[in-house]
Every structure is written in C-alpha cells, then in structure tokens.
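A.B. asks: Residue numbers for the sequence shown, in the numbering used here: 473 to 788. Heads up, the beta-carbon is just placed ideally off N, CA and C, and yes, glycines get one too.
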Amino acid sequence: MLLWQKMMIGLARSESMTRRMQDSRFMSRFARRFVGGRDRDEGLERARALHGSGLSASLFYLGEYVADPDEIRATREALSGAARGLGRDGLDVHLSVDPTQLGSMISWETCHENVVALAGDVADNGRGGRDVLMLDMEDSSVTGPTLDLYHSLRGQGLPMAVTVQAYLHRTPEDLARLVENGAMVRLVKGAFAESGKVAVTGRRDRDEAYRKAVVTLLSPEARERGVYPVFGTHDHRMVAFAEHVAAANGWRRDQWEVEMLLGVRPAYQRELADRGVSVRLYLPFGRDWWPYSIRRVGENPKNLGFVFRSMVEKAE
Ligand code: FDA
C-alpha cells in the first residue's frame, strides 16, 4: 500500500483527529465535496440540487460495523426519515445500506428485521421502479448471508437491490441467479483486501472479471428478464465497455445506469450525464463525515491539492 494511502487511513482511524475535525467549522468545504451533509436535511437538500442538475442520488447514512443497538436504531431512523423526505420531494427513494449498519454484527435476524422495516419505508414512500433499498456488499465472510437476505426479501416482494463484487471467484454463479431473478444489481470491482482463495488479486484480472460480469448483466437474456444493471465504477474504461455492450445488445439508456461516489471525478460524472447516460451518485450524510472523506482522499494523491485548498480557504 502507498505511504500516502496509509497516512490517510491512519487519519481516518484516529479518534482524536475525527473528534477535532467533526467539531471544527473550518472543514465544511472538505466535507461538502464527498459528503452530502452533516444531517438528513442537508443530505436531502443536496439530493434535490443533484436532481436539478440531472443526477440521481442514493442516500447512505455514515457509519459502519455498528454493534450498539442505539446506533443501529439511529441509522434506521435517519434512513427512514430520508425515505420520507425523498418521497415527499418526488425524488427517487433510493437508499444504500451496509448489513453491519443494521445489526448483522448482533445477529442476522436483527439485521433482517431492520432491513424489512426500511424496505417497507421505501415501498411506502416510493413510486416503484427504481425506488429500492440497495444492500452494499462487505467482506467475503458475509457475501453468502447478504445475498440470502436479498433473495429472501425480494421473494416477499420488497423493493430490494444488491451489490456484487466482480473480484470474487463465486460471482459468476451469484450473477447467474440474479439474472434469472431479474434483479437490480450494482456491480463494483470490490474494495476489501481478500485472499487469492476467494478473489482475483491483480489489477488486470480484476478488470477482466469486471468486464465478464458486464457482459453477463447486459446480455439479451438479462434484458428480457428485466435486470437493471448499475455499474458502480469511476473507471472510464469500464463505463465505455458497458456502453459498447449495451448498444450492441439493444439496451436503452434508461435500462441501466452508472453510479459513482459523490465528489469523485465530478467532471466525468457531468460529461456522462450530458451525453445521456443515467448517472447516480452515492450520497453519504451524517455526522461521521471525517473518516469517510479522508479515505476518499487517500484513494487518489491528486486530492492532496484539494485538502490544502480547503484548509486555506477556511482559514481566510
Ligand atoms: P479504479 O480504482 O480503477 O479507479 C478508476 C479511476 O477513477 C482511477 O484511475 C482514478 O482516476 C479515479 N478515481 C478512483 N477513486 C478516486 C478518488 N477517490 N478520487 C479521484 N479519482 C478517483 N466496494 C465494495 O466492496 N462493496 C460495495 O458495496 C461498494 N459499493 C460501491 C458503490 C459505488 C457507487 C461505487 C462507485 C463503488 C463502490 N465500491 C464498493 C467500491 C469499489 O469496489 C471500488 O473499490 C472503487 O469504486 C474503486 O474502483 P473503480 O471501479 O472506481 O476503479
């Protein structure tokens, strides 16, 4: 791992730094780039602004690996409130959530209960179609239970979607079942440090696995079954490949989308939207904005300039 990335992860994990930054008024520009807002209302306001500029959003409440029942309740309430607000404003009721935010570290039954309640909020406030509760995918120890949760709730008719990581060896099999199901699937490369036993590890192999999964999700069969592919990537080569396969297999522009993180490659997001690609942004909100934002910075050293500019601007 790069020294730069290690430094940023260190900053993300430092409790004193997190406290200092989150309480500071000086870092709001920094927070605004990668985070929709410090609370639900700010998150909703940002979703409305994005909608006004032709971009959709998926709201995510910041925090992960939560074992405290009060924090789990707070996450559920924040997301329920977001579902109501999005519905009221006529925006997509599209939420993203990690199973560990909703109780999977306590038990999968607890998580199941919370996910059912939240998916119910999406159903009550949405208008169908693209209004879903999207399950993020965490490390490979929970891939099976997360997919089981998705299939069980979707079987009950709840508005669910799921993220699949291209790098896992099991993914072609998981995708075959999801295609059969006519699922909404967000395809990502995969972000966790997995061993070669469960995942491909080199960059080239990871990209190749991603392309193979694109072909599966954009096959004529997938289109007939009503699959809605979401390409969760900032990699223009992957997006160009998806555009090419989609056109070759007769997919309309409104039958698939690209999803990127708020603040990452914003010019490219704009460029895609301007030429008619459906673009959604993963829009985190909540008080825990510091560890999330500094990790995004760590992913690209070019962001160092942005960090300095934020600090200078705020100090003026
Ligand atoms: P890659 O890392 O190759 O980046 C492509 C290009 O994008 C780079 O060359 C760089 O120019 C640019 N770029 C990337 N990050 C940048 C940054 N921070 N700042 C500036 N430029 C940057 N993973 C997972 O395991 N489970 C999940 O549930 C999700 N969910 C998810 C949702 C969404 C909407 C996205 C976009 C991603 C995820 N991921 C994820 C993360 C995913 O697995 C992957 O780790 C990252 O997206 C990075 O891979 P890329 O495909 O973007 O390509």
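Report, in whole angstroms, the separation of the C-beta atoms of A719 and W728, which I expect to be a contact under 8 Å.
C.D. replies: Working through the sequence shown from its first residue, we reach residue 719 at position 247. Working through the sequence shown from its first residue, we reach residue 728 at position 256. Rounded, the Cβ-Cβ distance is 11 Å, inconsistent with contact.
A.B. asks: Output yes or no for whether 8 Å exceeds the beta carbon distance between T490 and P763.
C.D. replies: Position 18 of the sequence shown holds residue 490. Position 291 of the sequence shown holds residue 763. A contact, by the Cβ cut-off of 8 Å.
A.B. asks: Taking P738 as part of the beta strand (DSSP E), name the residues at either end of that continuous run.
C.D. replies: Residue numbering aside, residue 738 sits at position 266 when the sequence shown is read from its first letter. That residue, P738, is in no beta strand (DSSP E); its alpha helix (DSSP H) goes 738 to 746.
A.B. asks: Taking the alpha-carbon of V711 as reference, which of E693, E652, R747 has the nearest alpha-carbon?
C.D. replies: As a position in the sequence shown, residue 711 is number 239, starting the count at 1. Taking only the C-alpha atoms, the option nearest V711 is R747.
A.B. asks: Cβ-heavy atom distance between M732 and the ligand FDA below 7 Å?
C.D. replies: Here residue 732 is taken as the residue at index 260 of the sequence shown, counted from 1. Yes.
A.B. asks: In terms of residues, what are the limits of the beta strand (DSSP E) holding P701?
C.D. replies: Within the sequence shown, numbered from 1, the residue matching residue 701 stands at position 229. Here the beta strand (DSSP E) through P701 covers 700 to 704.
A.B. asks: Can you give the Cα-Cα distance for T643 and E487, rounded to whole angstroms?
C.D. replies: One-based indexing of the sequence shown puts residue 643 at position 171. One-based indexing of the sequence shown puts residue 487 at position 15. Between T643 and E487, the C-alpha separation is close to 36 Å.
A.B. asks: When the Cα atoms are used, what is the spatial distance from S750 to E543?
C.D. replies: For the purposes of this step, residue 750 is identified with residue 278 of the sequence shown, where counting begins at 1. For the purposes of this step, residue 543 is identified with residue 71 of the sequence shown, where counting begins at 1. If you take the alpha carbons of S750 and E543, they lie about 34 Å apart.
A.B. asks: Roughly how many angstroms lie between the CA atoms of P773 and E696, to the nearest whole one?
C.D. replies: Sequence index remark: in the sequence shown, residue 773 carries index 301 (1-based). Sequence index remark: in the sequence shown, residue 696 carries index 224 (1-based). Looking at the two C-alpha atoms, the distance is approximately 43 Å.
A.B. asks: At a cut-off of 7 Å, is T572 close to the ligand FDA when judged by its beta-carbon and the heavy atoms of the ligand?
C.D. replies: Translated into the one-based positions of the sequence shown, residue 572 becomes position 100. Because no heavy atom of the ligand FDA lies under 7 Å away, the Cβ of T572 does not count as near it: no.
A.B. asks: Hey, out of A663, G559, G698, whose CA is closest to Y682's CA?
C.D. replies: Taking the first residue of the sequence shown as position 1, residue 682 is located at position 210. Of A663, G559, G698, the residue nearest in Cα terms is A663.
A.B. asks: If we count the other Cβ atoms within 10 Å of its Cβ and call it buried at 16 or more, is Y537 buried or exposed?
C.D. replies: The residue given as residue 537 occupies position 65 in the sequence shown. The residue in question, Y537, is exposed, as its Cβ has fewer than 16 Cβ neighbours within 10 Å.
A.B. asks: Sorted by chain position, which residues of the same chain lie with C-beta nearer than 7 Å to D423's C-beta, five sequence neighbours on each side aside?
C.D. replies: Residue 423 lies beyond the range of the chain shown here (473 to 788); nothing can be said about it.
A.B. asks: S568 by DSSP, collapsed to three states: which one?
C.D. replies: In the sequence shown, residue 568 corresponds to position 96, counting from 1. Of the three classes helix, strand and coil, the one that applies to S568 here is strand, per DSSP.
A.B. asks: Quick one: measure Cβ to Cβ for V651 and A633, integer angstroms, because I've assumed they're closer than 8 Å.
C.D. replies: One-based indexing of the sequence shown puts residue 651 at position 179. One-based indexing of the sequence shown puts residue 633 at position 161. 14 Å between Cβ atoms; not a contact.
A.B. asks: Considering Cα atoms alone, identify which of A648, G627, V660, R678 is closest to V803.
C.D. replies: The question about residue 803 has no answer, for the chain in this structure spans 473 to 788.
A.B. asks: Can you tell me whether L619 is buried or exposed, with buried defined as 16 or more other CB within 10 angstroms of its CB?
C.D. replies: One-based indexing of the sequence shown puts residue 619 at position 147. Buried is the call here.
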